[in-house]
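Colleague: Residue numbers (the working numbering), protein chains in the order written: chain A, 50 to 356; chain B, 23 to 124. Every residue gets a Cβ at the ideal spot worked out from N, C-alpha and C, and that includes glycine. On a predicted model such as this, the values are computed, not experimentally measured, just so you know. Take this structure first; my questions come after.
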Amino acid sequence: MKKGVMRPGHIQIRVLNMDEALEHYCDLIGLIEVDRDDQGRVYLKGWTEVDKFSVILRESDQAGMDFVGYKVVDTTTLEQLKQALIDYGCKVDEIPAQELRGCGRRVRFDSPTGHLFELYAEKEQTGKWEISDTNPDAWPRNLTGMRATRFDHCLLYGPNIAGTIDIFQHVLGFDISEQVIDDSGVRLSGFLTVSNKAHDIAFIEHPEPGKFHHSSFLLENWEDLLRAADLISMTDTSLDIGPTRHGITHGKTIYFFDPSGNRTEVFCGGNYHYPDHKTITWTADKLGKAIFYHDRQLNERFLNVVT
Amino acid sequence: MIQKKFTIFVTNRDQQYVCSDSESILIAMEKVNARCIHVGCRKGGCGICKVKIITGTYKTYRMSKAHINSNDDNAGFALACQVYPTSDLHIESDHFTKLITV
């Protein structure tokens with residue numbers, strides 16, 4: 050949190066059909082619908098999240114991610130980071146308050162990988178879903194499906210990840226917690242954090258710009274993950290891989306696809322990070338084990354299936 | 023209701039397999055462990071299963087416009103995960119041009 054960026058705040062995902070998407074994100078994953086707007090966007094959150102929403106679904110004729118936003122500590126920080134991004138040379142746009150219902154003004158910037166990112170300081174704080182902040186119970190009783198606790202991170206693909214990582218590291222104060230390096234020392238992948246988590250965002254080098262590999266939702270333990278895999282089968286959901294473990298972050302994971310082909314991850318556990326931790330490095334010759342720790346080889350989908 | 027069964031001939035891979043009218047040609051391929059079309063998201067979003075239908079009739083469901091636009095559609099391109107046969111089909115697979123191999 051060196052420069053005041055706190056956590057991943059929200060992600061806007063394009064879906065080909067809203068009803069089917071809501072079956073996936075709400076009924077199956079367990080996010081809760083909190084609002085809709087007059088553009089037809091639907092707003093969702095995980096039950097442990099204190100802000101009003103963390104996922105926005107927008108119906109479109111193409112799948113993928115519109116943008117991902119990060120919450121910063123206050124409006125002073127937002128102003129400082131906006132200026133720093135402008136000084137760096139990013140194309141910076143102001144999105145007015147309430148363009149997303151319940152969210153304050155957002156500072157949107159582009160990136161060398163072709164992705165759009167946002168920062169914001171204010172969002173309506175509705176509290177954890179069905180859980181008080183006075184003498185709270187352990188969990189709410191009406192969750193559905195996998196009962197995911199929060200939107201945790203996303204993995205993005207694009208060219209020149211070095212450029213985008215430079216912005217996140219030097220302007221926004223993220224640390225590189227883990228990376229994949231090839232024989233000539235070029236970084237093929239960077240996992241970045243602004244917190245105690247192994248990653249708050251990650252990038253993999255890829256020729257096509259602006260691509261979305263997955264959004265990730267947190268579960269608590271391996272038993273939850275097995276149950277999630279059972280639900281994937283019960284609902285005839287398209288499975289990519291898992292349950293298994295990643296080498297990078299050592300997180301336990303399942304990859305599967307929403308009805309529009311966007312990849313979703315549910316995961317639990319794995320490494321943690323402090324600012325004095327050295328960056329963990331995986332070498333490109335061990336890429337299979339880095340991604341799929343048990344299988345020790347990539348599947349064709351990992352490098353190719355993006356939206 | 024009795025399912026009709028059709029044969030899918032994948033001409034560029036010299037393989038064929040059976041597919042019913044109630045499943046996509048991609049899922050039918052996976053069921054018999056044939057490997058002649060790349061498997062991606064299976065939901066019409068990623069484009070990796072892009073094929074060209076040379077002969078035969080079929081229905082298609084929802085495909086991302088990023089991968090199949092109306093020109094593609096008219097030219098017989100489709101995403102195999104969204105193709106449901108209504109007759110035997112002759113198809114070419116491997117029409118996703120940006121495949122990355124490790």
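Closest to A/Leu168 by C-alpha separation, out of A/Gly118, A/Ala133, A/Thr193, would be which residue?
Modeller: The residue labelled residue 168 of chain A in the question sits at position 119 within the first sequence. Minimum Cα distance to A/Leu168 is reached at A/Gly118.
Colleague: Quick one: using the 10 Å Cβ neighbour count with 16 as the cut-off for buried, is B/Tyr80 buried or exposed?
Modeller: On the second sequence, position 58 is the one that residue 80 of chain B refers to. Buried.
Colleague: Please name the residue or residues paired with A/Cys203 in a DSSP beta bridge.
Modeller: Against the first sequence, residue 203 of chain A aligns to sequence position 154. According to DSSP, A/Cys203 bridges with A/Ser264.
Colleague: What residues of chain A sit near B/Ala88, judged by a beta carbon separation below 9 Å?
Modeller: Counting from 1 along the second sequence, the entry for residue 88 of chain B is found at position 66. The contacting residues are Asp110, Gln111, Ala112, Gly113, Thr356.
Colleague: DSSP three-state label for A/Cys75, please.
Modeller: In the first sequence, the residue the question calls residue 75 of chain A occupies position 26. If DSSP states are grouped into helix, strand and coil, A/Cys75 belongs with the helices.
Colleague: Taking the DSSP output, what are the residues bridged to B/Lys27?
Modeller: As a position in the second sequence, residue 27 of chain B is number 5, starting the count at 1. Answer is B/Ser42, bridged to B/Lys27.
Colleague: Decide if A/Thr298 is buried, meaning its Cβ has at least 16 other Cβ atoms within 10 Å, or exposed.
Modeller: Position 249 of the first sequence, counted from the start, is the residue given in the question as residue 298 of chain A. Buried, by the Cβ-count rule.
Colleague: Mapping DSSP to helix, strand and coil, what is B/Lys120?
Modeller: For this step, residue 120 of chain B is matched to residue 98 along the second sequence. Here B/Lys120 sits in coil by DSSP.
Colleague: Please name the residue, chosen from A/Asp86, A/Val243, A/Lys94, A/Leu347, that lies closest to A/His219 on a Cα-to-Cα basis.
Modeller: The residue given as residue 219 of chain A occupies position 170 in the first sequence. Out of A/Asp86, A/Val243, A/Lys94, A/Leu347, A/Val243 has the C-alpha closest to the C-alpha of A/His219.
Colleague: Which residues, in chain order, does the segment 47–68 of chain B contribute to contact with chain A at a C-beta distance below 8 Å?
Modeller: Taking 8 Å as the Cβ-Cβ cut-off against chain A, the residues of the segment 47–68 of chain B that qualify are His60, Val61, Gly62, Cys63, Arg64, Lys65, Gly66, Gly67, Cys68.
Colleague: Comparing alpha-carbon positions, which option in A/Phe240, A/Asp84, A/Met114 lies nearest A/Val64?
Modeller: As a working note, residue 64 of chain A is residue 15 in the first sequence. With distances taken between Cα atoms, A/Val64 lies closest to A/Met114.
Colleague: Spatial neighbours of A/Lys140 within its chain, please: CB distance less than 6 Å, with the 5 preceding and 5 following residues excluded, ordered by chain position.
Modeller: Sequence index remark: in the first sequence, residue 140 of chain A carries index 91 (1-based). Correct list, in chain order: Asp159.
Colleague: Check whether the segment 282–294 of chain A and the segment 51–66 of chain A touch, using three or more Cβ-Cβ pairs below 8 Å as the test.
Modeller: Contact between the segment 282–294 of chain A and the segment 51–66 of chain A is absent, because fewer than three Cβ pairs lie under 8 Å.
Colleague: I'd like the list of long-range same chain contacts for B/Ser44, defined as Cβ closer than 6 Å, with 5 residues on each side in sequence excluded.
Modeller: Locating residue 44 of chain B in the second sequence gives position 22, where the first residue counts as 1. Counting only Cβ-Cβ distances below 6 Å, and skipping sequence neighbours, we find Gln25.
Colleague: By DSSP's criteria, A/His59 is part of a beta bridge. Which residues make up the other side?
Modeller: Sequence index remark: in the first sequence, residue 59 of chain A carries index 10 (1-based). In DSSP, A/His59 forms a bridge with A/Gly118.
Colleague: Quick check on this structure: which residue in A/Phe316, A/Trp178, A/Phe306 has the alpha carbon closest to the alpha carbon of A/Leu80?
Modeller: Looking up residue 80 of chain A in the first sequence gives position 31. Answer by Cα proximity: A/Trp178.
Colleague: Please state the DSSP three-state secondary structure of A/His219.
Modeller: Your numbering for residue 219 of chain A matches position 170 in the first sequence. A/His219 falls in the helix class under three-state DSSP.
Colleague: Where do the N-terminal and C-terminal ends of the beta strand (DSSP E) with A/Arg312 fall, by residue?
Modeller: For this step, residue 312 of chain A is matched to residue 263 along the first sequence. Per DSSP, A/Arg312 belongs to the beta strand (DSSP E) from 312–317.
Colleague: Based on the DSSP output, what are the partners of A/Asp224 in its beta bridges?
Modeller: Within the first sequence, residue 224 of chain A is the residue found at index 175, counting from 1. In DSSP, A/Asp224 forms a bridge with A/Thr242.
Colleague: Could you confirm whether any beta carbon from chain B is found closer than 8 Å to the beta carbon of A/Gly207?
Modeller: What you label residue 207 of chain A is simply residue 158 of the first sequence in a count that begins at 1. It does not; no Cβ of chain B falls within 8 Å.
Colleague: Could you give the C-beta distance for A/Ala251 and A/Gly319, rounded to a whole number, given that I count them as a contact under 8 Å?
Modeller: For this step, residue 251 of chain A is matched to residue 202 along the first sequence. For this step, residue 319 of chain A is matched to residue 270 along the first sequence. Between A/Gly319 and A/Ala251 the Cβ distance is about 12 Å, and since that is not below 8 Å, they are no contact.
Colleague: Cβ atoms of A/Gly296 and A/Ala339: under 8 Å apart, would you say?
Modeller: The sequence position of residue 339 of chain A within the first sequence is 290, counting from 1. The sequence position of residue 296 of chain A within the first sequence is 247, counting from 1. Going by C-beta atoms, A/Ala339 is nearer than 8 Å to A/Gly296.
Colleague: Could you have a look at B/His112 and say whether DSSP puts it in helix, strand or coil?
Modeller: Indexing the second sequence from 1 puts residue 112 of chain B at position 90. In this structure, B/His112 counts as strand in the three-state DSSP scheme.
Colleague: Could you tell me the distance, in whole angstroms, from the CA atom of A/Gly95 to the CA atom of B/Asp36?
Modeller: Looking up residue 95 of chain A in the first sequence gives position 46. Looking up residue 36 of chain B in the second sequence gives position 14. Each residue's alpha carbon lies about 48 Å from the other.
Colleague: For a minimum of 3 consecutive residues, which ranges assigned as the beta strand (DSSP E) are wholly contained in the segment 97–163 of chain A?
Modeller: Counting whole runs of 3 or more residues, the segment 97–163 of chain A contains the beta strand (DSSP E) stretches 104–108, 113–121, 141–144, 155–158.
Colleague: Using CA atoms only, rank isn't needed, just tell me which of A/Leu165, A/Asn184, A/Asn191 is closest to A/Asp142.
Modeller: Residue mapping note: residue 142 of chain A aligns to position 93 of the first sequence, counting from 1. That would be A/Leu165, whose Cα lies nearest to the Cα of A/Asp142.
Colleague: Give me the Cβ distance between A/Phe316 and A/Thr302, rounded to the nearest whole Å; I'm assuming they're in contact under 8 Å.
Modeller: Taking the first residue of the first sequence as position 1, residue 316 of chain A is located at position 267. Taking the first residue of the first sequence as position 1, residue 302 of chain A is located at position 253. At roughly 4 Å, the Cβ-Cβ gap stays under 8 Å, so A/Phe316 and A/Thr302 are in contact.
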